[in-house]
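Using the working numbering, you'd call the opening residue of the sequence shown number 61 and step up by one each time.
Okay, so here's the structure we're looking at.
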Amino acid sequence: MIILEQCIMSRAVYILSLVFLNIYCVFAQEKILPKGFFETEKQQMDLYLYNVELNNSVITDPPSFNVRTMAEWEEIQALTIAWEGFEPILTEIVRNAVDQCKVIIACDSPAQVESYLENSNVETSNVEYLNIETNSIWMRDYGQNTIYKNDVDSLYLVDWIYNRPRPDDDSFPEALADNLDLDLYQNSVDPYRFVATGGNFMSDGFGTAFSSNLIINENDGNGPYNSLNYPDHSEDDIDNIMNSFMGITNYIKMPTLPFDGISHIDMHMKLLDEETLLIAEYPEGVSDGPQIEENLNYILNNFTTKWGTPFNVIRIPSPPSTSGAYPGSQSFNEIDGYYRTYTNAVFVNKTVILPFYREEYDTIAQRIYEEALPGYNIVGIDCDNSGNNIISLSGAIHCITHTVGVNDPLLISYKKIEDVCPNSPYVEVEALVKHRSGINEVLFNYRFSGDIDYTSVSMQAQNDDMWNLTMTFDELTEIEYYIHAISNDGKEQYRPMTALEGGFNSFIYSFDVCEDYECIEVPDPNCNFATIWDPVCGCNNVTYVNSGEAECNNIFEWVQGPCEINTSLTDNDTFNKKIIQVIDLMGRRINNLNSGQVVLFIFDDGSIEKKIIN
């Protein structure tokens, strides 16, 4: 009986053979299980699935309300890890996360773990220890998923059946939910039984999610190993389950990669925000590069972002082994190099932690992240050294971490502003902003490139939690911006989250982005402008009162100051002063002087002279 208590997960009632029991006792002692299947686990998967039963503390019916799955870059209250080997890597994760959120460590010896961290000079005041057994370090795959009622209301957790026969791992979400006093929805009972793994799932936070076809293979009744007890679902069934429990309305599934032994999407792809995909890159025709490109083209040709725009793609090179080999060059083994990837990173509020492998590639990866995510603290942890070669087990930083969202998210999403040709000078800013208490104010903050201070402009509330703003700018340059929202109960949030740390988005407001612009005056009779004298010389060599008058005449390219007037006058007294405009007696601008004309010269000292052109 003592052995049973140590080796069998709390939620399941097992009728097990002695052999099966002995295997799990070995697991309890073994601290470094691979991310993929252990040697004997494939044979045990069927019996494991057969005996998974319900814990009375979980909810097995779908939520009765609309739900939204949190995106990884949203605000979190906790990072979860399991203390199961690779202590130096876990220590560095804790070190870089504790100032961003609570770190919850699943372990069976809290005092020993705390002592280890303190001896490593890690601040532990924001660390909490969950005194439970786990089988493995791969928290991402068996850990919790965060969902919200009605987008931003109550917080709940969702738990799938883990795709490995590791009962202690599979019971972790229940222990965490109890610890945080949160309701847990669980896909453990028909017709919603569902096998999945967190490393093969990524969400944009607005109903779109990505997985490899492993999600289909593990829920088709036979599973990958012709077992009898895998859930038996069609693809439509899978979509309906993910919609009901996770709010996923657009579930994108792609072929698995030939040389990725675990078929987890986080090994080659990562969403950096609702509009940006980070994609692992290989030399042309090498390893999984061709299939990755096929999958990417499938996405780009068939799907758009939440805002209806094409996904922005950023590529990040995957490093080879020291010999220059990539997975699949001969076979998936140590000679060819492990499946090293920089997409296997985790957001921890304003910090992003990514795996490092070799300096010459690491520096490139860090630069790409820093350019893509301004203001974020980008931290790398070595996952490929002789003492902590975790990548050899087919996983890295994302694989060994998971997150819990905050209880009261202030959700901000906006369509990034594209480069603007001043030919169409109005810039539309549109944002979705939500909080359970309502929104008090939304501010669009911008500055011209090179400036220090931002200018804040209030956005206007529209229907369905939308806020918008129409802007024009008086400088042709790069414009940096962020959005700041304040809820009715006083909570504040920024997007990017790192705005106060230097984070921003940007766009170019310049004629450099214009195509086929013709500098032809076309007056708009309905256009109004302030009649302040601040002359500009249009690209058509006409002087306008100011840039507003130029724009009202379809002239969007100019230089500051009046155009030079071509005249044959020889009155030296006249030309000791600067002519700023020439008009006729009706007040109309004159740009070419002809003999016999009667004109008025307006000078920079405010004087006006009447002249007859000889």
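Just so it is clear, CB atoms sit at the ideal spot from N, CA and C, and this is done for glycine as well.
- According to DSSP, residue pairing for K162 in a beta bridge involves A138.
- Three or more Cβ pairs closer than 8 Å define a contact, and the region 552 to 570 meets that threshold against the region 532 to 543.
- Under a 10 Å Cβ-count criterion, F363 is classified as exposed, with fewer than 16 other Cβ atoms of the shown protein chains found around its own Cβ.
- Within a 10 Å sphere around the beta-carbon of Q522 sit fewer than 16 other beta-carbons, which makes this residue exposed.
- Non-local beta-carbon contacts of I275 in its own chain, meaning distances under 7 Å to residues more than five positions away in sequence, involve A256, N260, I298, K313 in chain order.
- Taking 8 Å as the upper bound for CB-CB distance, L470 and H495 are in contact here, some 5 Å apart.
- When DSSP states are grouped into helix, strand and coil, I312 belongs to the strand group.
- The closest CA to that of L107, considering only Q520, R224, D238, M327, is found on R224.
- Note that the C-beta distance between G307 and T129 is below 8 Å.
- Spatial neighbours of G498 in its own chain (CB-CB distance under 7 Å, excluding positions within 5 residues in sequence) are listed in chain order as S547, N548.
- With at least 16 other beta carbons inside 10 angstroms of its own, G440 counts as buried.
- The alpha carbon of F533 has as its nearest neighbour, out of F616, I472, S117, D422, the alpha carbon of F616.
- Here Q246 carries a strand assignment [DSSP, helix/strand/coil].
- Its chain contains K102, M105, D106 as the residues whose beta carbon lies nearer than 8 Å to that of Y285, once the 5 sequence neighbours on both sides are disregarded; these appear in chain order.
- No Cβ-Cβ contact shorter than 8 Å links T184 with A142.
- When beta bridges are read from the DSSP output, V154 appears opposite no residue.
- In the DSSP annotation of this structure, the continuous segment of the beta strand (DSSP E) that includes E341 starts and ends at 336 to 341.
- Counting of Cβ neighbours within 10 angstroms places E431 among the exposed residues, the total staying below 16.
- N528 sits in a strand when the DSSP states are folded into three classes.
- Bridge pairing for R649: I643 [DSSP].
- Annotated as distal: P482 and F567, with beta-carbon spacing of 8 Å or more.
- When C-alpha distances from L215 are compared across D326, Q520, G465, V480, the shortest belongs to G465.
- Nearest neighbour of P379 by Cα position, chosen from E341, D665, P122, E295, turns out to be E341.
- Here R200 carries a helix assignment [DSSP, helix/strand/coil].
- In this chain, the beta strand (DSSP E) harbouring V517 covers 515 to 518.
- Comparing alpha carbon positions, the residue from N181, Q204, C167 closest to E188 is C167.
- Take I592, set aside five residues on each side of it, and the residues of its chain with a beta-carbon closer than 7 Å to its own are N606, in chain order.
- DSSP places R427 in the helix class (H, G or I) of the three-state scheme.
- If you keep only unbroken beta strand (DSSP E) runs of at least 3 residues inside the region 398 to 449, you get 406 to 408, 411 to 416, 437 to 442.
- With a cutoff of 8 Å on beta-carbon distance, N613 and P585 are scored as not near each other.
- Comparing alpha-carbon positions, the option among Y208, D213, Y252, Y202 lying closest to S231 turns out to be Y202.
- C623 places its beta carbon less than 8 Å from that of C597.
- Residues of the same chain with a CB within less than 7 Å of the CB of R507, apart from the 5 flanking positions on each side, are D513, Y514, T515, E540 in chain order.
- Assignment of beta-bridge partners to S271 by DSSP yields K313.
- One alpha carbon belongs to G550, the other to Q520, and they sit about 18 Å apart.
- Contact annotation, V517 with M526: C-beta distance approximately 16 Å; criterion of less than 8 Å not satisfied.
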